[in-house]
Amino acid sequence: MMIERIHWIDLLKGLGIFFVILGHTIKNNDLYVWIYSFHMPLFFFISGYLTEPRNSIKDYNQYIWKKCKNLLFPFFIFRILLVFYWLIVEQYFRPLDLGPIWFLIVLFGVEILIAPILLKWKQIKIYLVVFVGCIISFYMFKAIDTNISFLQKIFGWLARFANGGLWFCLAFIIRKIERKISCSYQYNFIILIFAAISIFCCKYNGDVSIYSNRINNIILYLIFGLSGIGMISFLCKHIIKKHYWIEWIGNYTIIILAVHEPIKRIILKLISIFFNEDIYIIQSNIFMALFIAFVVLLLCIPVIYLFKYLKKHLGKIGTLLLNFVR
32 MMIERIHWID
42 LLKGLGIFFV
52 ILGHTIKNND
62 LYVWIYSFHM
72 PLFFFISGYL
82 TEPRNSIKDY
92 NQYIWKKCKN
102 LLFPFFIFRI
112 LLVFYWLIVE
122 QYFRPLDLGP
132 IWFLIVLFGV
142 EILIAPILLK
152 WKQIKIYLVV
162 FVGCIISFYM
172 FKAIDTNISF
182 LQKIFGWLAR
192 FANGGLWFCL
202 AFIIRKIERK
212 ISCSYQYNFI
222 ILIFAAISIF
232 CCKYNGDVSI
242 YSNRINNIIL
252 YLIFGLSGIG
262 MISFLCKHII
272 KKHYWIEWIG
282 NYTIIILAVH
292 EPIKRIILKL
302 ISIFFNEDIY
312 IIQSNIFMAL
322 FIAFVVLLLC
332 IPVIYLFKYL
342 KKHLGKIGTL
352 LLNFVR
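So the mapping is simple: the working numbering equals the position in the sequence shown, first residue as 1, plus 31.
In structure tokens, the structure reads:
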């Protein structure tokens, strides 16, 4: 597979972010469990897949600075904006939380600690060692129980980091295997088989969540996660292939990740008032959840254009702080 920016990768990100929105919208148990089995592992996997193994990190400080601009800057920008929004609008209705931008912090940790190891020692046995190390670390940090809340939070974040890291490593391992497979049809057939397993069997591992440090059975967690990733990858690469708007959405996943939750809550509240219905019941309806997810995605587009405008008109500051805006 090619690793440069190509159509199917942007398609993958575009569909992936829609599944993130839908997963945060729907309360239908089976569909919810299926989406959560792969939707966040997918983005760690993509990041690992797009990390070019033939490159090496010649200047680690420059490498960290690049990751800061791509991951830490958007985290702090959106964190500040979302806190202001909460203070103005939501503090009377719900407690302040971190929201989906937790992903940026975890990915930053993976990119600056795990990626350099994989890029320095370009051997599948090293990839496997790091992969197993991530699994062991996850269980170790999750098992630590302390009455000191600050330490408990740190161990929770370290467990998330290890969980994200294992999917990042898996991308390196699978890409290494891909290059040794002579018949692509065999590989694609395997993907389709696992896709069927993902759809019909993921409920046997139950609800999983990287943020909540809940994976249940590790073997099933990996099988169903890879199955979902394989299914959507096959769909993007061999079925859809090219689609301008889905690819366009895929270029702005960070912005959508950051702003879709407050937009979703506003839409849900308005619909519940209009129909005089409980929000949970609305979210339990598959068709309503799909409709709301599409509306939320559409309402993210003006926000994207706002950030594009700001980057263009803020000069060097915009170029520096909004480097993640394409």
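The beta carbon of each residue, even a glycine, is placed where N, CA and C say it ideally should be.
{"query": "Which whole-angstrom value describes the C-beta separation of Leu113 and Pro293, a residue pair presumed to lie in contact below a C-beta threshold of 8 Å?", "result": "7 Å"}
{"query": "What does the Cβ neighbour count give for Trp276, buried or exposed, with the cut at 16 atoms within 10 Å?", "result": "exposed"}
{"query": "Which one or two residues does DSSP pair with Arg245 in a beta bridge?", "result": "Ser240"}
{"query": "Less than 7 Å separating the beta-carbons of Val64 and Lys234?", "result": "yes"}
{"query": "Determine, using beta carbons only, whether Val356 and Lys343 come nearer to each other than 7 Å.", "result": "no"}
{"query": "Identify whether Tyr283 lies in helix, strand or coil by the three-state DSSP scheme.", "result": "coil"}
{"query": "Does DSSP put Arg357 in a helix, in a strand, or in coil?", "result": "coil"}
{"query": "So, for Gly237: in the same chain, excluding its five sequence neighbours on each side, which residues have a beta-carbon less than 6 Å away from its beta-carbon?", "result": "Asn247"}
{"query": "If Cys200 and Ile145 are in contact, beta carbons under 8 Å, what's the gap, nearest whole angstrom?", "result": "7 Å"}
{"query": "Identify, in the order they occur along the chain, each residue of the same chain with its Cβ nearer than 8 Å to the Cβ of Thr177, setting aside the five sequence neighbours on each side.", "result": "Gln183, Phe186"}
{"query": "Ignore the nearest five residues each way along the sequence and tell me which others in Leu330's own chain have a CB closer than 7 Å to its CB.", "result": "Ile294"}
{"query": "I'd like to know whether the C-beta atoms of Leu266 and Phe203 end up nearer to each other than 7 Å.", "result": "no"}
{"query": "With distance defined between alpha-carbon atoms, name the residue in Ile348, Ser243, Tyr283 nearest to Leu129.", "result": "Ser243"}
{"query": "Here's the rule: buried if 16 or more other CB atoms are within 10 angstroms of the residue's CB, otherwise exposed. What is Lys44?", "result": "buried"}
{"query": "Near Val239, which residues of its chain fall below 7 Å by C-beta distance, leaving aside the five closest residues on each side in sequence?", "result": "Tyr67, Ser68, Arg245, Ile246, Asn247, Tyr252"}
{"query": "Between which residues of its own chain and Ser303 is the CB-CB distance below 8 Å, once the five residues before and five after are set aside?", "result": "Asp309, Ile310, Ile313"}
{"query": "Within 10 angstroms of its Cβ, does Pro126 collect 16 or more other Cβ (buried), or is it exposed?", "result": "exposed"}
{"query": "Which of helix, strand or coil does DSSP assign to Glu209?", "result": "helix"}
{"query": "Considering only residues of the same chain and omitting the five flanking positions on each side of Leu288, which have a CB-CB separation below 6 Å?", "result": "Pro131"}
{"query": "Please name the residue, chosen from Leu42, Pro147, Pro105, that lies closest to Thr82 on a Cα-to-Cα basis.", "result": "Pro147"}
{"query": "Could you tell me the alpha carbon to alpha carbon distance between Ser264 and Gly349, rounded to whole angstroms?", "result": "33 Å"}
{"query": "What's the C-alpha gap between Asp41 and Glu209?", "result": "20 Å"}
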